Amino acid sequence: MSYSVTEPSKPQKWIAGLLVAAYGIITILPLLWIISTSFKSQNDAIAYPPEVFSEFTLGGYVNLFTTQTRQSAEALEANPPETWYDEIVHERGMAIVGPSRFGERFMNSVIIGFGSTFLSVFLGTLAAYAFSRFRIPLKDDLLFFILSTRMMPPIAVAIPIFLMFRGLGLSDTHAGMILLYTAVNLSLSVWLLKGFIDEIPREYEEAALIDGYTRFQAFYKVVLPQAATGIASTAIFCLIFAWNEYAFAVLLTSGNAQTAPPFIPTIIGVTGQDWPAVAAGATIFLVPVMVFTILLRKHLLRGITFGAVRK
Amino acid sequence: MAQIRIENLRKEFGAFTAVQNSTFTIEDGEFFMLLGPSGCGKTTTLRMMAGLELPTSGRIYIDGEEVSQKRASQRDIAFVFQMFALYPHMTVRGNISYPLKSQGMPKARVREKVGEVAEILGITDILDRPVGGLSGGDRQRVALGRAIVRQPKAFFMDEPLGALDAEFREHMAEELRALHDRMEATTVYVTHDQLEAMQMGDKIAVMNHGVVEQFGVPQDIYDWPATKFVAQFIGSPPMNFLEFDGMIGAGHDEVRLNGVAVKVPEAIDGASGKLTLGVRPEHVKLDDAAPYRGRIVASEYLGTTRIVTLDTPGGVLKARIPSSEAVVVGQTTGLSFDARTLTLFENTHGHALRSHANAGVLAHG
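From first to last, the protein sequence lines are chains A and B. Residue 260 is where the first sequence starts when you use the numbering used here, and the numbers rise one by one after that. Residue 121 is where the second sequence starts when you use the numbering used here, and the numbers rise one by one after that.
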């Protein structure tokens, strides 16, 4: 790492600060808008000119998680309101009849996202260790081959995959989606992790081998703790891809294994697109990746430099 | 503790032969140095003894047992790495106790053993510190602790002082030797530093290009090098080589060095053609009466001695003389050699010619 020797001048610092602030605002604004929309009423959400501050409501979240039906006037007449819930039903003419499908879709995302991340990192670590430590025939060619699977957009092979999945009965299954995302992520994971494992001196394992441990014990007791940084950052990259993936999810899932990304835009209210509910879905959808990233943040900061910083 | 025997050991990496047909024996309790320039195969030899590499052919015996193809963990040896290779995610105690844990030793016993070792090495106060912040010397001690705690059959050390500062290295070298004398454990030590090898070793094997060129006690190797490589690699400044065309018959004790008669130890092997006379700098005397002459081109003052560089008909020569002797650069002077200490080499392979002086040493080299 090299450092600039001269201290930047005051105006330079100001300009740099303003640029960073501007970039931050531009990046974060859409996110803030979605979050604020999720707390608006349907009318406020589509008001023009847009309302920055409007009445706070959890209606979007209620609509997101529930299925509702319109109540006929007679039915409302017949049941005078007794609880606070009945009052709302009367006021809106709508009653909750059950949970929406969002919960299921969200769980599908969790299962498929974390499942494929675990598998990518697990297989990736083993493969990367082997590539890093052993003499393998055609090693460079194999590594290039693994990388080459990412040289075109994955969606370019959507149709063969679609046909393959249909033939194998993998369409619309969790296993199918986990396999698919693992296959896509594996090349990234092998390459990233190989870089990290290359950085770990072999002497550590050799010391463990001499100290009476087997190769596998040396691997998981000595190499794995050293590779934690790399594993954490690789896991985050894999999760972000699998979590946000939209195109394959639209194509290959419909009922059973549909993930949240293709589901959220289809949330339709009684009076057309229910934007607050969509925004609420997007907001909740953000949470797991953010929590995961924050939990692994310490590792990520070190890992993202890809070994450029001396340990 | 154990004797280690190496027989026809060979290691190939693809087309490259790192070690070819080495054979030597390390006696029980010996401090054995594997010395040579980088890439000479000394580390590969050590790693094969330790089980970190498997030999292409040949045998290794530790304590009479053949271990050539056994795993490192089955050889009951300890290894000290150049960069120490302390487990970075553990404390000092964790590092030292790690080899004991693999044996399933009870916790209380491990604690006790680690305490003993820490006592020997003087690191009781840092036992619960993480290894990350330790100084080079302390890391070295922890690495030694991890090695000795198990009381293995042998210690293997790969340039263990290489990562230390020059001044501290001296100190650790003494500590290491003292530790060895106390434990009386067979130790194999790899180094490229000839001074370190001479200072610490009971025996030295000098390697070059995968071949053990000579093997013996330091003084024998210094006094009676078996090859020109050994003669040049050991000693600072190294042995002088004076090249000449001539001959020596078996039983004779004189060569003609560019027309000047020079007495040498009585030859056993005769040779003729291109030969080299090897003479250590301290065996050269400036003696104006001597017929072999050279011109002084430089003089380095080193406190008690002085290194004088001379241009002679046989080549450049360095003499180590007492610093009290005055020399004038540019002057021509006569040079006499201590006849009992000279070695003749043939130039084709660089092997020393046997004489009555070096035959005993060369017989087991």
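Heads up, the beta-carbon is just placed ideally off N, CA and C, and yes, glycines get one too. Predicted model, so just to flag it, every value in this text is computed and none were measured.
List, in order along the chain, the chain B residues whose C-beta lies closer than 7 Å to that of residue i?
{"i": "A/T462", "result": "Residue 462 of chain A is actually Glu in this sequence, not Thr. Near A/E462 (Cβ distances below 7 Å), the residues of chain B are F201, M203, A205."}
{"i": "A/P396", "result": "Result: empty, since nearest Cβ-Cβ is about 12 Å, beyond 7 Å."}
{"i": "A/V481", "result": "Y207"}
{"i": "A/P484", "result": "H209"}
Taking C-beta to C-beta, are residue i and residue j nearer than 8 Å?
{"i": "A/I371", "j": "A/I414", "result": "no"}
{"i": "B/R400", "j": "B/T461", "result": "yes"}
{"i": "B/L281", "j": "B/G257", "result": "no"}
{"i": "B/G171", "j": "B/V187", "result": "yes"}
{"i": "B/I182", "j": "B/K323", "result": "no"}
{"i": "B/A198", "j": "B/F275", "result": "yes"}
{"i": "A/P340", "j": "A/H349", "result": "yes"}
{"i": "A/I523", "j": "A/F544", "result": "yes"}
{"i": "B/V139", "j": "B/N215", "result": "no"}
{"i": "B/A387", "j": "B/H372", "result": "yes"}
{"i": "A/F373", "j": "A/L511", "result": "no"}
{"i": "B/L174", "j": "B/Q189", "result": "yes"}
{"i": "B/T463", "j": "B/G414", "result": "no"}
{"i": "A/R329", "j": "A/M353", "result": "yes"}
{"i": "A/G514", "j": "A/L452", "result": "no"}
{"i": "A/V356", "j": "A/I490", "result": "no"}
{"i": "B/T396", "j": "B/F353", "result": "no"}
{"i": "A/F507", "j": "A/A417", "result": "yes"}
{"i": "A/R474", "j": "A/L468", "result": "yes"}
Between the options, which has its C-alpha nearest residue i's C-alpha?
{"i": "A/M320", "options": "A/E350, A/I294, A/V482", "result": "Rather than Met, the amino acid found at residue 320 of chain A in this sequence is Tyr. That would be A/I294, whose Cα lies nearest to the Cα of A/Y320."}
{"i": "B/L241", "options": "B/A192, B/Q319, B/H300, B/H329", "result": "B/H300"}
{"i": "A/N216", "options": "A/I405, A/M366, A/A466", "result": "Outside the shown range of chain A, which is 260 to 570, sits residue 216 of chain A, and nothing can be said about it."}
{"i": "B/F465", "options": "B/M359, B/V234, B/F136", "result": "B/M359"}
{"i": "A/Y472", "options": "B/G355, B/P219, B/A477", "result": "B/P219"}
{"i": "A/T376", "options": "A/I305, A/F551, A/R556", "result": "A/F551"}
{"i": "B/G233", "options": "B/S217, B/A325, B/P385", "result": "At residue 233 of chain B the sequence reads Lys, which differs from the Gly that was named. Nearest C-alpha to B/K233: B/S217."}
{"i": "B/E147", "options": "B/T307, B/V251, B/A135", "result": "B/T307"}
{"i": "B/S142", "options": "B/A472, B/E333, B/R426, B/K348", "result": "B/E333"}
{"i": "B/V380", "options": "B/I126, B/F136, B/H291, B/L455", "result": "B/L455"}
{"i": "B/E316", "options": "B/R302, B/M292, B/G330", "result": "B/M292"}
{"i": "A/I347", "options": "A/G318, A/Y440, A/I459", "result": "A/G318"}
{"i": "B/G336", "options": "B/T145, B/A135, B/R297", "result": "B/T145"}
{"i": "B/S443", "options": "B/A238, B/S419, B/P250", "result": "B/S419"}
{"i": "A/E363", "options": "A/M411, A/G540, A/M549", "result": "A/G540"}
{"i": "B/K348", "options": "B/I368, B/M367, B/M327, B/R249", "result": "B/M327"}
{"i": "A/G442", "options": "A/K299, A/D470, A/S407, A/P289", "result": "Checking the sequence, you will find Ala at residue 442 of chain A rather than Gly. Considering only alpha carbons, the answer is A/S407."}
{"i": "A/R409", "options": "A/F421, A/S297, A/S446", "result": "A/S446"}
{"i": "B/K394", "options": "B/V375, B/A439, B/I441", "result": "B/V375"}
{"i": "A/E464", "options": "B/G434, B/D248, B/F204, B/G265", "result": "B/F204"}
Just mark residue i as buried or exposed, buried being the case when its beta carbon has 16 or more other beta carbons within 10 Å.
{"i": "B/R78", "result": "Coverage of chain B is limited to positions 121 through 485, which leaves residue 78 of chain B absent and any answer about it impossible."}
{"i": "B/T244", "result": "exposed"}
{"i": "A/A306", "result": "exposed"}
{"i": "A/I563", "result": "Below a pLDDT of 50, predicted positions are generally treated as unreliable, and A/I563, at 49, falls in that range; the measurement from the model is reported next regardless. It is exposed - the Cβ of A/I563 has fewer than 16 other Cβ atoms within 10 Å."}
{"i": "B/M277", "result": "buried"}
{"i": "A/G531", "result": "exposed"}
{"i": "B/V269", "result": "buried"}
{"i": "A/F565", "result": "With a pLDDT of 46 at A/F565, under the threshold of 50, the modelled position of this residue cannot be trusted; read the value that follows with caution. Exposed, because fewer than 16 other Cβ atoms sit within 10 Å of the Cβ of A/F565."}
{"i": "B/K227", "result": "exposed"}
{"i": "A/T286", "result": "exposed"}
{"i": "A/K570", "result": "Residue confidence is low: A/K570 scores 38 on pLDDT, short of 50, so the model does not pin down where it sits. No coordinate-derived value is stated."}
{"i": "A/Q271", "result": "exposed"}
{"i": "A/E333", "result": "exposed"}
{"i": "B/H403", "result": "buried"}
{"i": "A/F478", "result": "buried"}
{"i": "A/L498", "result": "buried"}
{"i": "B/A135", "result": "exposed"}
{"i": "B/F457", "result": "buried"}
Can you pull the chain A residues whose beta carbon is under 9 Å from the beta carbon of residue i, in chain order?
{"i": "B/Q502", "result": "As shown, chain B starts at 121 and ends at 485. That puts residue 502 of chain B outside it, with no answer to give."}
Could you work out which residues of chain B lie near residue i, taking near to mean beta carbons separated by less than 9 Å?
{"i": "A/E465", "result": "R167, A170, L172, A192, F199, F201, A205"}
For a contact defined as C-beta to C-beta under 8 Å, what are the partners of residue i on chain B?
{"i": "A/L468", "result": "G171, L172, R191, A192, S193"}
Which residues in chain A sit within 7 Å of residue i, going by Cβ to Cβ distance?
{"i": "B/P219", "result": "D470, G471"}
3-residue-minimum beta strand (DSSP E) runs that sit fully inside the stretch 339-380 of chain A, ordered along the chain
353-358
Secondary structure, alpha helix (DSSP H): runs of 4+ residues fully inside the stretch 258-331 of chain B
286-303, 314-320
Enumerate, from N- to C-terminal direction, the unbroken alpha helix (DSSP H) stretches of 4 or more residues contained entirely within the stretch 332-403 of chain B.
338-343, 348-353
Ranges of the beta strand (DSSP E) found wholly within the stretch 139-170 of chain B, counting only runs of at least 3:
151-155
- Counting only runs that start and end within the stretch 294-332 of chain A, where is the alpha helix (DSSP H) found for 4 or more residues in a row? 301-304, 318-324
Counting only runs that start and end within the stretch 177-232 of chain B, where is the alpha helix (DSSP H) found for 4 or more residues in a row? 212-221
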